[in-house]
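Chains as they are written, first to last, in this note's numbering: chain A, 2 to 258; chain B, 34 to 387. For every residue, glycine included, the Cβ atom is placed at its ideal position computed from N, Cα and C. Nothing here was measured: the structure is a model prediction, and the numbers come from that model. Heads up: the structure comes next, in structure tokens.
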Ligand SMILES: Cc1ncc(C[n+]2csc(CCOP(=O)(O)OP(=O)(O)O)c2C)c(N)n1
Ligand code: SF4
């Protein structure tokens, strides 16, 4: 009998992703679904997709989902979690969604220490609307609204979400990862699993930032996009664990009980 | 049941909690601050009750949308500028057919305006307010008792039609102390199949407003429109006061209607045959009910604490069958009953006694 070494995660529907070839959303979806399977939480997970390229995530994830208006995912997710504290709730957001229009909702959900998980796809552009400048666009990077390259005097600087959010005392676990190589995909999956586990154990807010290729709007091949993450993006946004208070949270929980 | 004396904003909260509201989110703004303050203390005392002081009105409306999807009875409140910020969320709740109660304790506008009672948000409330083809059920209480009864009714209507419902009151209603009896709320009737609580072992569900295919989207719009038609047919409410022999009808809602009642009492003492038609639901507007008066009565005067918004609905209802005058006090100005009586008396002299 043949041994199955690779199959569709149960938490993904049998639908073909609409994402462009080489897009990081597809990979992120898959590993989130694998984690949901491995933690056996499909039946108690509620996801909140954003306005952004991942707006149709409910066509792919086989878990309960509710679409949020652009940027408002963390407000919805906070409320769902408060209403149903024993469910696992995650919000899935792009960089425009999280760091521009929804910065307040994201920041304050983090600061309240909501026991939710944010999967944050940083692809340095607004994918869905056609490649406009995002808060995370690199200096000098050309986009449709920074045709001469992002100019720090006119457009400000790339927003470092992980660095900033890790300062908030409400945050328990925060890691920045990449999905531009098999090894990095594995690392990202581990981080996502840790974040979900952190939530399941009741330890509070977790956020996983994922540097994610958008070959279409970067106007690069899929391979070059992965290289660009290594050579350019990860220099501005270095991967790593920015906050891990899980151990401390475990200790506090022991004292509390 | 005990009669208690409470201010309007507290009455709304107490009625909401008794009606089973278990999730409240809001952001401070005068003249409704008593609502988040009361909720912070009291909703948390009931089992499962959640209060969140949100970072903005935008967050608050999306929080109640989330908690509504999760199956709770939910409420948010604000005053005019904050209600403007909630509009995208209200539109989204209507699109996703999520029930929820939104309280607007109106203040003077436009812009920051002032914190005095006003009725300038009628258009915003009754026309949907946000983008797209949708409607919000709008209830306009005029007494402390109605604040309680209509708040409870708003939860029932929101559930029944799976649509946001709004309590439209103003700073005067919110601050005024009045006696109230809290009636026994009806048990909640809301099908679990509309709730999002995790798929369990079953099929997963999703709730969305985005419909990329225009044909799907058109069908969804017509489905909502059919629902709004049913609401328009079944739910209009109004009150008539001293209408039996009236030759002139004042049309007013909320605080303006209270002032009008005081004015009408004075005018009646002077022998003027003036009555009041008070819409209680602003959407659906009691259009047929108002129109049916026009076969007997030919003189109407609309009084609003605005430059004339409900006036348009009165015109639509009366369709030119009667003469319509208007008196307005916008921007936070509130006339006394005596002042309004003088205005009405002048019109009455010119039209009826002529
Ligand atoms: C209130 C509002 N403003 C603007 C939009 C249009 N819009 C949809 S997605 C998006 C940006 C998406 O970019 P990002 O969040 O980075 O996600 P990506 O598509 O790159 O995954 C914008 C501006 C909207 N849906 N709602
Ligand atoms: S536009 Fe970019 S982010 Fe959107 S699907 Fe295509 S590659 Fe992915």
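Compute every distance between the C-beta of residue 218(A) and the non-hydrogen atoms of ligand 2, then say whether any falls below 7 angstroms. Yes - ligand 2 has a heavy atom lying nearer than 7 angstroms to the Cβ of residue 218(A).
Could you tell me the alpha carbon to alpha carbon distance between residue 159(A) and residue 100(A), rounded to whole angstroms? Approximately 10 angstroms, taken between the alpha carbons.
To the nearest angstrom, report how far apart residue 78(A) and residue 357(B) are at their CA atoms. Roughly 50 angstroms between the two C-alpha positions.
Neighbourhood of residue 186(A) by C-beta, 7 angstroms cutoff - its chain only, sequence neighbours within 5 removed: Excluding positions up to five away in sequence, the list reads 28, 32 and 180.
Between the stretch 341-360 of chain B and the stretch 155-174 of chain B, can you find at least three pairs of beta-carbon atoms closer than 8 angstroms? Verdict: yes, contact present.
Straight-line Cα distance separating residue 228(B) from residue 135(B): Straight-line Cα distance between these residues: approximately 20 angstroms.
Where residue 46(A) meets chain B, residues with beta-carbon distance less than 7 angstroms: Those are 231, listed as they occur along chain B.
Along chain B, which residues have their Cβ under 9 angstroms away from the Cβ of residue 96(A)? The contact set of residue 96(A) on chain B, defined by CB atoms closer than 9 angstroms, is empty, because the minimum CB distance reaches about 19 angstroms.
By alpha-carbon positions, which one of 40(B), 176(B) and 230(B) ends up nearest to residue 286(B)? Minimum Cα distance to residue 286(B) is reached at 176(B).
By DSSP, does residue 202(B) sit in helix, in strand, or in coil? For residue 202(B), the three-state secondary structure derived from DSSP is strand.
Could you name the residues of chain B that residue 83(A) contacts, counting a contact when the two beta carbons are closer than 8 angstroms? Result: 56, 83, 85 and 100.
Using a Cβ cut-off of 9 angstroms, pull out every chain A residue sitting near residue 320(B), in sequence order please. Going along chain A, no residue has its Cβ under 9 angstroms from residue 320(B), so there is no contact; the nearest lies around 32 angstroms.
For residue 125(B), which residues in chain A fall below 9 angstroms Cβ to Cβ? Simply 68, 69, 70 and 73.
Got a sec: which bits of the stretch 14-39 of chain A sit with their beta carbon under 9 angstroms from any beta carbon on chain B, in order along the chain? Against chain B - using a Cβ distance shorter than 9 angstroms - the residues of the stretch 14-39 of chain A are 14.
Sort 50(B), 212(B) and 331(B) by Cα distance to residue 35(B) and report the nearest one. Ranking 50(B), 212(B) and 331(B) by CA distance to the CA of residue 35(B) puts 212(B) first.
Can you find a CB in chain B that lies within less than 8 angstroms of the CB of residue 129(A)? Using beta-carbon distances, residue 129(A) does not count as an interface residue toward chain B, since no partner is under 8 angstroms.
Distance, Cα to Cα, residue 119(A) vs residue 207(A)? The C-alpha of residue 119(A) lies about 6 angstroms from the C-alpha of residue 207(A).
May I ask you to check if the CB of residue 124(A) is nearer than 7 angstroms to at least one heavy atom of ligand 2? Yes, ligand 2 has a heavy atom inside 7 angstroms of this Cβ.
Inter-stretch contact at 8 angstroms, needing at least 3 Cβ pairs: the stretch 143-154 of chain A / the stretch 172-179 of chain A: Under the Cβ criterion (8 angstroms, minimum of three pairs), the stretch 143-154 of chain A does not count as touching the stretch 172-179 of chain A.
Looking at residue 20(A) and ligand 1, is the gap between the Cβ and the nearest heavy atom below 7 angstroms? Result no, Cβ not under 7 angstroms from ligand 1.
So that I know if they touch, is there some Cβ in chain A lying closer than 8 angstroms to that of residue 243(B)? Taking CB atoms only, residue 243(B) has a neighbour in chain A less than 8 angstroms away.
Out of 91(A), 76(A), 127(A) and 182(A), which one is the CA nearest neighbour of residue 1(A)? Nothing in the structure corresponds to residue 1(A), since chain A is present only between 2 and 258.
Excluding sequence positions up to five away, which residues of its chain have a Cβ less than 8 angstroms from the Cβ of residue 353(B)? So the list is empty, once near-sequence residues are dropped.
If we require 3 or more residues per run, which beta strand (DSSP E) segments fall completely within the stretch 283-352 of chain B? Considered as a whole, the stretch 283-352 of chain B harbours 307-312, 314-316 and 332-337 as its complete beta strand (DSSP E) runs of no fewer than 3 residues, in chain order.
What is the C-beta distance between residue 121(A) and residue 162(A), in whole angstroms, given that I count them as a contact (C-beta under 8 angstroms)? Correct: roughly 6 angstroms between the Cβ atoms.
Indicate, with yes or no, if ligand 1 has a heavy atom lying under 7 angstroms from the CB of residue 156(A). For ligand 1, not one heavy atom lies less than 7 angstroms from the Cβ of residue 156(A).
Straight-line Cα distance separating residue 214(B) from residue 105(B): Note on geometry: alpha-carbon atoms of residue 105(B) and residue 214(B) lie some 25 angstroms from one another.
Tell me the DSSP secondary structure of residue 176(B) in three-state form. Residue 176(B) sits in coil when the DSSP states are folded into three classes, being neither helix nor strand.
Quick check on this structure: which residue in 88(A), 98(A), 228(A) and 108(A) has the alpha carbon closest to the alpha carbon of residue 202(A)? Considering only alpha carbons, the answer is 88(A).
Beta-carbon within less than 7 angstroms of residue 57(A)'s beta-carbon, same chain only, minus the 5 sequence neighbours each way: which residues are those? 19, listed in sequence order.
Of the residues 107(A), 217(A), 4(A) and 135(A), the one placed nearest residue 165(A), counting alpha carbons only: It is 107(A).
Can you check whether the CB of residue 152(B) is closer than 8 angstroms to the CB of residue 289(B)? Cβ atoms of residue 289(B) and residue 152(B): closer than 8 angstroms.
Out of 120(B), 373(B), 148(B) and 262(B), point me to the one whose CA is closest to residue 364(B)'s CA. Cα-wise, what sits closest to residue 364(B) is 148(B).
Report the residue from 335(B), 203(B), 238(B) and 183(B) whose alpha carbon sits nearest the alpha carbon of residue 219(B). Measuring from the Cα of residue 219(B), the nearest candidate turns out to be 183(B).
What does the Cβ neighbour count give for residue 267(B), buried or exposed, with the cut at 16 atoms within 10 Å? With fewer than 16 Cβ atoms within 10 Å of its Cβ, residue 267(B) is classed as exposed.
Residues in the stretch 196-219 of chain A with C-beta within 7 angstroms of chain B's C-beta atoms, listed in sequence order? Of all residues in the stretch 196-219 of chain A, none has a C-beta nearer than 7 angstroms to a C-beta of chain B.
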